[in-house]
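The block underneath contains the structure these notes are about, expressed in C-alpha cells.
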Amino acid sequence: MSYQKWFKLFLASMLFVLIPIFGLMSFNYYVDPYWNFNHAHENNDYQNGFDERLQKTNLLVKNHQPFDSLLIGSSRVTYMNTDSFKQEEVFNYSLSSIHITEYNDYIDFAKKINDGKLNRVYVELSLHSYYANVQPPMGDPKTYFKQAQNRILDFTSLFSQDTLDKSLVNFEASKNNKYPLQRSYTRENQVKSTYPNDRLAKGKVDFVKRYDQTNYTTEFAYRETYKSELEKMKKASPASEFVIFTDMAHIIRIKTYLKNPNYFDAYERSIREIIDVFGQVKSFHLENDFTSKDEYWLDFYHFYPEVGDKMIHSLETGEGEGSFYVNVNETNVDQYMSDLKKLVNE
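Spelled out as C-alpha cells, the structure:
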C-alpha cells in the first residue's frame, strides 16, 4: 500500500471515530445538563435537577449570577423562585434532602464565591431537621466544591454517555415544553412544574395509615447537637442577617405528625432552640387555604411554585402574618405552642 493510500485510509478512520465524538460533545455542550456553561436557548430551558448539590455549585462557580443574599433549605424551598424577591437579588441554594450538618458548608461556600458577603441568609428548617435518625444523603460538600472548581471536568464530562442521557431528557422536555416529573429548572435556577397532583390523595391516605399503625406512641430520636449546629451556622456568618422559617406542610401532615405527644414535644424543643439562637422563627405551620386545599399541592410534601412565590413575598414584606404565617419569638412561643396543640387535637 502506498503512503498516499495509507494516509487516506488513516484519515477516513480518524474521521469515522472523531465525527461521532465531536457530535456527542457538541450536543452535550449545547444542552449542558451539568450547568457548566452559561448559554441558554429554547432547547435547554427545561433542566432536570438530578444532582442539585453539584449543579447549583457549578452554577455558582462558573456562571456567577450577582446576588446579595442566600435562600437555602430542603426540596420544598426549590419551589420558591427567587425572581419573586423584589428588594434584593437572592441565590437559591436549596437541596433535596438537605441535612442540618450540610447547611453551614453550603452557606460558607456561597459566601466565599460572593466575595465574603451575604446580606441575608433565608434558612428553612423542616420537620425533619432535628431528627437524629436522618443521615446525610449525599457525599461531603467539599467534594462538590472541588469538582465544580475543576475546569477539566467540565470538558471531560462532555464525552460521557451518562451526560448524553441527561441531555436527551432535557432536550425532549424543552422541545415539548413539558417535564414529566415533579419539577424542572430553567437556566436561571428557577423551578417550573407541569406535574399533575393525581397522586396526592393516595399520599395522604398512606401517610395517615402509617402513623395510625404506630398508635402515635413511637419515641422520637431528637438530634442532641441540633442547637449547636444552629449556633455554628450563626457564628460562621456574623455579618449576615438570618431569616429562619419552617417548611410549608400540608395541614393533614402537620396534624398527623404532631398527634404523637413525643413528636410534639420534640417539635416544641426545636422551636425553642431556634428562638434561643436566632431570636425568632417564621412558622408556616398554620391551617389556611394554602395548607388545606389540595389544588396548591403537587404531592403530599411539595407545593406548586405559586405558593413559594407567596412565601417569599411574606418573608420579604411581612405580609400575611397571623393568617399565612406566625412570627414566633420568646414573647409568644407559649401561646403558639398552645394554639398548635389545639389545632392538632381538633
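Per this note's numbering, the very first residue in the sequence shown carries number 33; after that it's consecutive. We treat Cβ as the ideally placed atom computed from N, Cα and C, and that holds for glycine. This structure is a prediction, so every number in the text was calculated from the model and none was measured.
- Across the structure, Tyr217 and Leu185 are spaced so that their CA atoms are roughly 22 Å apart.
- Here the stretch 294 to 301 does not lie against the stretch 175 to 190, with fewer than 3 beta-carbon pairs under 8 Å apart.
- When DSSP reads this structure, Ser128 sits in no beta bridge, so it has no partner.
- DSSP places Thr175 in the uninterrupted alpha helix (DSSP H) bounded by Pro173 to Ala180.
- Nearest to Leu159 by C-alpha distance, out of Phe316, Gly171, Gln214 and Glu353, is Phe316.
- By the Cβ-count criterion, Glu327 is exposed, with fewer than 16 other Cβ atoms from all chains shown falling within 10 Å of its own Cβ.
- In chain order, Gln214, Ser225, Tyr227, Asn229 and Tyr336 place their CB closer than 7 Å to the CB of Leu330, counting only its own chain and leaving out the 5 sequence neighbours on each side.
- DSSP places Lys118 outside both helix and strand once states are collapsed to three, so it counts as coil.
- With respect to the 8 Å criterion, Ile276 and Val166 are not classified as neighbours on the basis of their beta carbons.
- In the three-state reduction of the DSSP assignment, Thr195 falls in the helix class.
- The criterion of a C-beta distance shorter than 8 Å is not satisfied by Phe296 and Val153.
- For the stretch 216 to 247, the full-length alpha helix (DSSP H) segments reaching 4 residues or more read 232 to 244 along the chain.
- Each residue's CA atom was taken as its position, placing Thr110 and Asn292 some 29 Å apart.
- Annotation for Tyr328: no beta strand (DSSP E) segment contains it, and DSSP assigns it neither H nor E.
- For Lys342, the enclosing alpha helix (DSSP H) has its first and last residue at Pro337 to Thr349.
- Under DSSP, Lys314 shares a beta bridge with Phe277 and Asn359.
- When secondary structure is reduced to three states using DSSP, Leu92 falls in the helix class.
- About 21 Å separates the Cβ atoms of Leu103 and Asn70, ruling out a contact at the 8 Å cut-off.
- Check the Cα spacing between Lys287 and each of Ser272, Arg255 and Tyr243: the tightest is with Tyr243.
- Listed in chain order, the beta strand (DSSP E) elements of length 3 or more contained wholly in the stretch 259 to 308 are 273 to 278.
- By DSSP's assignment, Leu157 forms a beta bridge with Thr278.
- Rounded to whole angstroms, Lys266 and Val309 show a C-alpha spacing of 8 Å.
- Here DSSP, grouped into helix, strand and coil, assigns Phe99 to coil.
- Residues of the same chain with a CB within less than 8 Å of the CB of Asn221, apart from the 5 flanking positions on each side, are Lys88, Leu91, Gln97, Thr114, Phe123 and Asn124 in chain order.
- Of all alpha-carbon atoms in Asn75, Ser189 and Asn60, the one lying nearest the alpha-carbon of Ser206 is that of Asn75.
- Between Ser116 and His345, the gap from beta carbon to beta carbon is short of 8 Å.
- Membership of Arg183 in the alpha helix (DSSP H) is indicated by the continuous run Arg183 to Thr188.
- Ser324 is the residue among Lys373, Gly105, Ser324 and Glu84 whose C-alpha sits nearest the C-alpha of Ser355.
- Following the DSSP letters along the chain, one finds Ser370 inside the alpha helix (DSSP H) bounded by residues Val365 to Val376.
- In this structure, DSSP gives Tyr78 a state outside helix and strand, which the three-state scheme calls coil.
- If you look at Asp140, you'll find it in the alpha helix (DSSP H) that goes Tyr135 to Ile145.
- Ser161 is classed as buried because its beta carbon has at least 16 other beta carbons within 10 Å across all chains shown.
- Within the same chain, and ignoring the five residues on either side of Val365 in sequence, the residues whose Cβ sits closer than 8 Å to its Cβ are Ile303, Arg304 and Ile307.
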